[in-house]
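Inspection log for the structure reproduced underneath, given as structure tokens.
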DNA sequence: TATCCGTGGAT
DNA sequence: TATCCAAGGAT
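Following this line, the structure appears as structure tokens:
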């Protein structure tokens, strides 16, 4: 084993983080293996998402659906409701598809190879390598944002991301040991999260600081070099919160693909970058006594949305038939993305407050 | 390769 | 307040 890997593994033994989905190094040494289902579920949830945000969702999912078979047997709507608030909802749609394939076509067993894993929906280069290494002890090159940062610093790779990805992957493959590749991968990610951080890295505590090119000759904070980001345009529209005489709110289901695909919404106008779009009550989906109820702003990855919110009370439930009416009790459990909860809260301030 | 796709916490 | 960014994938 190369010296970097040995030092990294020793550091991981001493300083690894504990997570509900993780098997500790000592457990692994005693022959306890990670459950591929839990590894897969956690890796999907952790894509572009912080550990603290994932923890309660992971616990709720494994409590409700302990096996891939149980998840495959769940309804699509139940899965989307359980995912609501975590973001990137295509992950939830692909999660369900993947569970069905594994449960129904693969005898309930996840593939152990990169190729087999990558063939499944929602599993790309990173996740395939992570599952192969962590759940099956395959010496796969696991490259996430943490590893990109660690490796560009270790080897002083100044090619901007994402062009540097292939170069980084080759370096990671070269230093990945055949013994304990899963612990090595998790150790590299822990190192990036705790020591080799984006700002003010704790190089004095780093187990491989004696072999880091950037630390010797430059400023680690300048790595990785990234391509410049695009600016974020503003779009605007109007949202309409219709309330029935019993206090229920009218909801619709969004189209299955695209932004917030398959999630619930209150009726909205188009979200347009144009400034001359109609965001008045005249744009309402059906006639009612609409009154202005403030506005909300929500930042997506590639645009900022400003919504004028209108509310109407005592709306006859028969007036709209392309959705459903959610009672105050049901509302918090609907598959509502955060932007929709904001819009509803602007019209009904206590809609999502604990009873 | 570039773009689309959420959310919330840290700085 | 503005920006970054966190265990990326699909197209």
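Numbering (the UniProt record's numbering), first residue to last: 1 to 355.
Idealized CB from N, CA, C, for every residue including glycine.
Quantities reported herein were computed from a predicted structural model and do not represent experimental measurements.
Whether residue i touches residue j by CB criterion (8 Å)
i: residue 310; j: residue 234; result: no
i: residue 185; j: residue 134; result: yes
i: residue 190; j: residue 25; result: no
i: residue 132; j: residue 117; result: yes
i: residue 114; j: residue 140; result: yes
i: residue 308; j: residue 238; result: yes
i: residue 244; j: residue 148; result: no
i: residue 29; j: residue 61; result: no
i: residue 301; j: residue 236; result: no
i: residue 157; j: residue 175; result: no
i: residue 207; j: residue 18; result: no
i: residue 112; j: residue 136; result: yes
i: residue 267; j: residue 287; result: no
i: residue 103; j: residue 68; result: yes
Local conformation of residue i per DSSP, three classes
i: residue 249; result: strand
i: residue 298; result: strand
i: residue 8; result: helix
i: residue 306; result: strand
i: residue 342; result: helix
i: residue 241; result: strand
i: residue 171; result: helix
i: residue 230; result: coil
i: residue 206; result: coil
i: residue 74; result: coil
i: residue 272; result: strand
i: residue 92; result: helix
i: residue 293; result: strand
i: residue 316; result: coil
i: residue 264; result: strand
i: residue 236; result: strand
i: residue 336; result: coil
i: residue 215; result: helix
i: residue 161; result: strand
Per-residue burial, residue i [other beta carbons within 10 Å of its own, 16 or more giving buried]
i: residue 256; result: exposed
i: residue 91; result: buried
i: residue 339; result: buried
i: residue 75; result: exposed
i: residue 219; result: exposed
i: residue 305; result: buried
i: residue 258; result: exposed
i: residue 187; result: buried
i: residue 42; result: buried
i: residue 435; result: Past the edges of the chain, shown from 1 to 355, lies residue 435, and the structure says nothing about it.
i: residue 144; result: buried
i: residue 229; result: exposed
i: residue 265; result: buried
i: residue 269; result: buried
i: residue 63; result: exposed
i: residue 50; result: exposed
i: residue 146; result: buried
i: residue 202; result: exposed
i: residue 349; result: exposed
i: residue 160; result: exposed
Through-space distance from residue j to residue i, alpha-carbon basis
i: residue 327; j: residue 71; result: 27 Å
i: residue 289; j: residue 319; result: 13 Å
i: residue 22; j: residue 38; result: 9 Å
i: residue 295; j: residue 162; result: 37 Å
i: residue 86; j: residue 196; result: 26 Å
i: residue 214; j: residue 55; result: 34 Å
i: residue 13; j: residue 226; result: 32 Å
i: residue 323; j: residue 6; result: 58 Å
i: residue 439; j: residue 251; result: Examination of residue 439 is not possible in this model, given that the chain is present from 1 through 355 alone.
i: residue 345; j: residue 292; result: 13 Å
i: residue 357; j: residue 77; result: Within the shown structure, residues of the chain are numbered from 1 to 355, placing residue 357 beyond reach of any answer.
i: residue 45; j: residue 205; result: 29 Å
i: residue 314; j: residue 249; result: 10 Å
i: residue 272; j: residue 20; result: 42 Å
i: residue 125; j: residue 47; result: 12 Å
i: residue 173; j: residue 200; result: 27 Å
i: residue 53; j: residue 298; result: 18 Å
i: residue 3; j: residue 179; result: 13 Å
i: residue 198; j: residue 221; result: 6 Å
i: residue 58; j: residue 66; result: 11 Å
i: residue 73; j: residue 100; result: 8 Å
Rounded distance between the beta-carbons of residue j and residue i, thought under 8 Å
i: residue 129; j: residue 150; result: That belief does not hold up - the Cβ atoms of residue 129 and residue 150 are roughly 15 Å apart, past 8 Å.
i: residue 170; j: residue 152; result: With a Cβ gap of about 13 Å, residue 170 and residue 152 do not count as contacting.
i: residue 232; j: residue 181; result: Actually they do not touch by this definition, with Cβ atoms about 39 Å apart.
i: residue 335; j: residue 263; result: 5 Å
i: residue 261; j: residue 254; result: 6 Å
i: residue 40; j: residue 110; result: 6 Å
i: residue 154; j: residue 98; result: That pair is no contact at about 33 Å.
i: residue 84; j: residue 337; result: 7 Å
Any non-hydrogen atom of the ligand PLP closer than 7 Å to residue i Cβ
i: residue 158; result: The ligand PLP is absent from the structure shown, which contains no ligands of any kind.
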